[in-house]
Structure formats: C-alpha cells, structure tokens
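Data first, discussion second: the structure below is written as structure tokens.
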Amino acid sequence: MADDDTSTALPQTCVRCGQVALLRIVGRCGDCIGTLGLAGGEDYAAWRAEVKAEFGAK
45 MADDDTSTAL
55 PQTCVRCGQV
65 ALLRIVGRCG
75 DCIGTLGLAG
85 GEDYAAWRAE
95 VKAEFGAK
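If you read the sequence shown in the numbering used here, its first letter stands for residue 45, the second for the next number, and so on.
Right, here's the structure in full:
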C-alpha cells in the first residue's frame, strides 16, 4: 500500500479473539498483545517468535 495522505487504516479481525481492530501485529489485536504480555509464558514467547520471523530482530 502506498504511504500517502489518502490511505486509511482498515479494520481487520484478530486471529486470537475474533474482535475487529485497527491495530494488529502478526494477526493479534492490541488487547490480545497486552493480555499475552501480562500473562507471559509460552503463548507470549510464541507470539514474539512470530514477530521476529515477520519483521526481523534488532
């Protein structure tokens, strides 16, 4: 998608909870990312691995 003043965010469905959201990172909405981060554990580690695979690691 072109980065210009006419582009808009489009709502998409979260793969985890099914809610429609404007913010999604590797398929999860902001609420699910927050929940994963607070809970920690294997689900959060798996999501972080997906983020690193998609965007790379710094």
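Ideal Cβ placement from N, Cα and C applies to all residues, glycine included.
Note that the coordinates shown come from a computational prediction; the quantities given were computed from them, not determined experimentally.
Take the alpha-carbon of GLN63 and the one of THR57: they are about 6 Å apart.
Around the Cβ of CYS73, a 10 Å sphere holds 16 or more other Cβ atoms; the residue is buried. Rounded to whole angstroms, the separation of the alpha carbons of THR79 and ALA93 is 17 Å.
Beta-bridge partners of ARG68 (DSSP): CYS73.
Secondary structure note for GLY85: its alpha helix (DSSP H) is the uninterrupted segment 85 to 99.
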